[in-house]
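Here the structure comes first, spelled out in structure tokens, and everything after it is commentary.
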Amino acid sequence: MKFHLTIPGLLSALTLTLLSSPLYADRMLEDKKAEKREVRQSMLGFRNTLLFYKFKDQKSILVLSIGNKDETFPVTGKIHLFDDATTEEDLEKWINNQHSDALFIDVPEPVFIGELPKGSCKVTSHKQTDTSKNPTDSETFKNCEVKLSIKEHAVDQKFKLSAFTDTARVHVKDK
Numbered sequence: 004m005k006f007h008l009t010i011p012g013l014l015s016a017l018t019l020t021l022l023s024s025p026l027y028a029d030r031m032l033e034d035k036k037a038e039k040r041e042v043r044q045s046m047l048g049f050r051n052t053l054l055f056y057k058f059k060d061q062k063s064i065l066v067l068s069i070g071n072k073d074e075t076f077p078v079t080g081k082i083h084l085f086d087d088a089t090t091e092e093d094l095e096k097w098i099n100n101q102h103s104d105a106l107f108i109d110v111p112e113p114v115f116i117g118e119l120p121k122g123s124c125k126v127t128s129h130k131q132t133d134t135s136k137n138p139t140d141s142e143t144f145k146n147c148e149v150k151l152s153i154k155e156h157a158v159d160q161k162f163k164l165s166a167f168t169d170t171a172r173v174h175v176k177d178k
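Structure follows, in structure tokens:
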């Protein structure tokens, strides 16, 4: 079988290849390469725990949210991918705006947001360490240390998050 290549045919094939290829491919996200920030309190008092894992070289942020309504500790996660031109300072501003009073108006928008599948992030164990009074209303909260398990997850040609474990602290309202 002979193939006859023409310039228009070659251009069509190249155009199709470029259009079907993602702009940002294969970002390898490993927890050892991430900088972690934990947020458990806002201006309004104790809140669900937010964990921000900043992968500065990959221009990516993993955000985990651990519920604090009771000791079931539901966990959700999202991966935020940013443009290659995004600076570390831009990522820091974006993180700040997610949990504070949105001081920064010039923050980058993610070019992709991927929600982690239900059940891929979970608390495997927890223990109460002590109690604290909520600064805004003096209600008592249990201070818990939780162990997390995050399963590997990938979105074709976008990112691959390696599996990892971690610990975090959560304020849970004492009933």
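Going by this note's numbering, the sequence shown opens with residue 4, and the numbers climb by one from there.
C-beta: ideal position from N, C-alpha, C; glycine also.
No experiment lies behind these values; they were computed from the predicted model shown.
Tell whether a beta-carbon distance below 8 Å holds between Arg172 and Arg43.
Here residue 172 refers to the residue found at position 169 of the sequence shown. Here residue 43 refers to the residue found at position 40 of the sequence shown. Contact flag set, yes.
Please go through the same chain and pick out, in chain order, the residues whose beta-carbon is closer than 6 Å to the beta-carbon of Leu164, but skip the five residues on each side of it.
One-based indexing of the sequence shown puts residue 164 at position 161. Here the set comprises Leu32, His156.
Excluding the 5 residues flanking Asp60 on each side, which residues of the same chain have their C-beta closer than 8 Å to its C-beta?
Here residue 60 refers to the residue found at position 57 of the sequence shown. Cβ neighbours of Asp60 beyond the five flanking positions: Lys36.
What residues in its chain sit with their C-beta under 7 Å from that of Val175, if we drop five residues either side in the sequence?
Within the sequence shown, numbered from 1, the residue matching residue 175 stands at position 172. These residues qualify, in order along the chain: Asn71, Asp73, Glu74, Phe144, Lys145, Cys147.
Identify whether Asn71 lies in helix, strand or coil by the three-state DSSP scheme.
On the sequence shown, position 68 is the one that residue 71 refers to. Reduced to three states, the DSSP call for Asn71 is coil.
According to the Cβ coordinates, are Phe107 and Leu94 closer than 8 Å?
One-based indexing of the sequence shown puts residue 107 at position 104. One-based indexing of the sequence shown puts residue 94 at position 91. Not closer than 8 Å, so no.
What did DSSP end up calling Pro25 once you bin it into helix, strand or coil?
The residue you call residue 25 lines up with position 22 of the sequence shown. A caution first: Pro25 carries a pLDDT of 42, below 50, which makes its placement in the model unreliable, though a value can still be read off. In the structure shown, Pro25 sits in coil (DSSP, three-state: anything other than H, G, I, E or B).
According to DSSP, what are the bridge partners of Arg172?
Residue mapping note: residue 172 aligns to position 169 of the sequence shown, counting from 1. DSSP, once it has assigned bridges, lists Glu148 as partnering Arg172.
For Ile59, the three-state DSSP class (helix, strand or coil):
Along the sequence shown, one-based indexing puts residue 59 at 56. The sequence given here places Lys at residue 59; Ile does not occur at that position. In the structure shown, Lys59 sits in a helix (DSSP, three-state: H, G or I).
At what residues does the beta strand (DSSP E) containing Leu84 begin and finish?
Your numbering for residue 84 matches position 81 in the sequence shown. Per DSSP, Leu84 belongs to the beta strand (DSSP E) from 78-84.
Look at the Cβ atom of Gly80, then the Cβ atom of Asp140, and state whether they are nearer than 8 Å.
Here residue 80 refers to the residue found at position 77 when the sequence shown is read from its first residue. Here residue 140 refers to the residue found at position 137 when the sequence shown is read from its first residue. It is not a contact, given that the beta carbons lie outside the stated cut-off.
When you compare each of Leu54, Asp159, Phe58 to Asp29 by their alpha carbons, which one comes out closest?
Residue mapping note: residue 29 aligns to position 26 of the sequence shown, counting from 1. The option with the nearest alpha carbon to Asp29 is Asp159.
Three-state secondary structure (DSSP) of Asn99:
Residue numbering aside, residue 99 sits at position 96 when the sequence shown is read from its first letter. Helix.
Start and end of the beta strand (DSSP E) containing Leu164?
For the purposes of this step, residue 164 is identified with residue 161 of the sequence shown, where counting begins at 1. Its beta strand (DSSP E) spans residues 162-164.
For Phe167, the three-state DSSP class (helix, strand or coil)
Numbered from its first residue, the sequence shown carries residue 167 at position 164. Strand, per DSSP.
Using the three-state DSSP reduction, which class does Lys121 fall into: helix, strand or coil?
For this step, residue 121 is matched to residue 118 along the sequence shown. Reduced to three states, the DSSP call for Lys121 is coil.
Check Leu53 in the structure and name its three-state DSSP category.
Residue mapping note: residue 53 aligns to position 50 of the sequence shown, counting from 1. Residue state for Leu53 is assigned as strand, using DSSP reduced to three classes.
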